[in-house]
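If you're matching them up, the sequences are chains Z and V in order. Per the working numbering, numbering of the first sequence is gapless, rising by one per residue and ending at 266. Per the working numbering, numbering of the second sequence is gapless, rising by one per residue and ending at 116. All residues carry an ideal CB built from backbone N, CA and C; glycine is no exception. Just below is one structure, and these are the notes that go with it.
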Amino acid sequence: MTSTTEKSLFLQGFWSGVPFFFVAAPFSVLFGVLAAEAGLNLAEIMGMTVLVIAGSAQFTAVQLMTENAPVWLIIAASLAVNLRMAMYSASLQPYLGAAPMWQRSLMAYTMFDQSYAVSILKFEDEPDLSLSDKVAFFTGSVMVIVPTWISFSFVGAVAGTAIPENWALDFVMPVLFLGLVGPMLKTFAHLAAALTSIIVALFFGFLPSGTGLLIAAFAAMAVGAEIERRRDAK
Amino acid sequence: MNYSSFEIWTIIAVMGIGTFLIRFSFLGIIGDRKMPDWILRHLRYTPVAVLPGLVAPLVLWPDATGGEPDPARLLAAGATLLVAWWRKNLLWGVFAGMATLITVQSVLGTI
């Protein structure tokens, strides 16, 4: 079952996930600290980290809990933050949809900004990869971020001391994702979509809980697809 | 914070199930069937439609400066994108971006 190429694809996925340790580690310590300060006990903090396993939604929920927001609002706002991942799910479907149900379920559980971004870049670059190669790459890509996210949330929850303010760490996340976007800008349509995404997301930045990002993403996909359609129609 | 243990676990459980269903949605339900061409054409732009919008506010209004635009971070973001695009490589881009950030911050004396 595990061929040599699968193993090497798993390792390639693994290495593509390693730099994200520097995003996940401080982010998850901070989550543990803030959740403990908000008044959640250790079981609740770890329960949320393991069951939800989505950083920005967890931060949203904890923030709203400290404000004593109604339960339904906490749920609605944190799920709204995660809606972008329905787009990731749709975008990965043509590549991974043929995998068995249990594999698709596990990949859904570990679908993050990071695993989505490194995997889609790989799958677009190498269209000849077999299904099992693609599953192996995706699985490898989450092998660092999952244990890091869970264990460092625990550290934050138990230690309860904020990580020192560090000028560089806050910028690791944007730089890593911009580094992933760079090679994706293959055509004018991709570039136009990326610019649309930036402009619309900034314009709607005042909207709560990722709503602006969703509008930006739909607008940007429409721009990219329309440019491609006109180019192909010629 | 003023919630019962039951309320907290309700929040956690519904968030967990809801988040999973969002992630599972298309990948899980459509499975092996092929989506129409016009949808696939839109989906090809998903990564460049979501990720730039996700990081743009963090670049323009960073928390570390209290939301004020910071020339070092703007230049670093530009360098990352340009080098990653030019070299077709994530790590070269990250290296260029962090090097730019450190250089500009030390020149401007903001470290």
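- Secondary structure note for residue 26 (chain V): its alpha helix (DSSP H) is the uninterrupted segment 10-35.
- Membership of residue 43 (chain V) in the alpha helix (DSSP H) is indicated by the continuous run 42-48.
- In this structure, the beta-carbon distance from residue 46 (chain V) to residue 260 (chain Z) falls below 7 Å.
- Here residue 62 (chain V) carries a helix assignment [DSSP, helix/strand/coil].
- Looking from the CA of residue 207 (chain Z), the closest CA among V:112, V:113 and V:77 belongs to V:77.
- In this structure, DSSP gives residue 102 (chain V) a helical state, which the three-state scheme calls helix.
- In chain order, 25, 28, 29, 32 and 33 make up the part of chain V whose C-beta sits under 7 Å from the C-beta of residue 140 (chain Z).
- Selection Z:140, Z:77 and Z:168 evaluated against residue 38 (chain Z) yields Z:168 as nearest (Cα-Cα).
- A residue is called buried once 16 or more other Cβ atoms fall within 10 Å of its Cβ, and residue 52 (chain V) is buried on that count.
- Residue 90 (chain V) counts as buried, since no fewer than 16 other beta carbons sit within 10 angstroms of its beta carbon.
- Sequence-distant Cβ neighbours of residue 109 (chain V) in its own chain, meaning closer than 8 Å and more than five residues away, are 76, 77, 80 and 81.
- Under the three-state reduction of DSSP, residue 176 (chain Z) is assigned to coil, being neither helix nor strand.
- Between residue 240 (chain Z) and residue 92 (chain Z), the alpha-carbon positions lie close to 10 Å from each other.
- In the DSSP assignment, residue 154 (chain Z) falls within the unbroken alpha helix (DSSP H) covering 145-157.
- Annotation for residue 221 (chain Z): 256, 259 and 260 place their beta carbon closer than 6 Å to its own, counting only its chain and skipping 5 residues before and after.
- The beta carbon of residue 175 (chain Z) is closer than 7 Å to those of 46 and 49 in its chain, skipping five residues each way along the sequence.
- Put simply, the backbone Cα of residue 180 (chain Z) is about 23 Å away from that of residue 68 (chain V).
- Going by C-alpha positions, residue 191 (chain Z) is about 26 Å away from residue 15 (chain V).
- Counting C-beta pairs with one atom in each stretch, the stretch 116-124 of chain Z and the stretch 136-143 of chain Z have three or more that are closer than 8 Å, which means they touch.
- Separation of the CB atoms of residue 244 (chain Z) and residue 116 (chain Z) is rounded to 11 Å, and the pair is thereby denied contact status at 8 Å.
- Under the three-state reduction of DSSP output, residue 71 (chain V) falls in the coil class, being neither helix nor strand.
- Here residue 94 (chain Z) really is in contact with residue 66 (chain Z); their C-beta atoms are around 5 Å apart, less than 8 Å.
- Residue 6 (chain V) carries a coil assignment under DSSP once its states are collapsed to helix, strand and coil.
- In the same chain as residue 106 (chain Z), and ignoring 5 residues on each side of it, the C-beta atoms closer than 6 Å to its own belong to 93 and 96, in chain order.
- Under the DSSP assignment, residue 211 (chain Z) falls in the alpha helix (DSSP H) whose first and last residues are 204-213.
- Non-local beta-carbon contacts of residue 217 (chain Z) in its own chain, meaning distances under 8 Å to residues more than five positions away in sequence, involve 223 and 226 in chain order.
- In this structure, the beta-carbon distance from residue 130 (chain Z) to residue 54 (chain V) does not fall below 7 Å.
- Taking 7 Å as the cut-off, the Cβ atoms of residue 84 (chain V) and residue 101 (chain V) count as close.
- Rounded to whole angstroms, the gap between the alpha carbons of residue 109 (chain Z) and residue 35 (chain V) is 26 Å.
- Taking one beta carbon from each stretch, the stretch 147-163 of chain Z and the stretch 7-27 of chain V have fewer than 3 pairs nearer than 8 Å; the two do not touch.
- Residue 219 (chain Z) sits in coil when the DSSP states are folded into three classes, being neither helix nor strand.
- When Cβ-Cβ separations below 7 Å define contact, residue 192 (chain Z) makes no contact with chain V.
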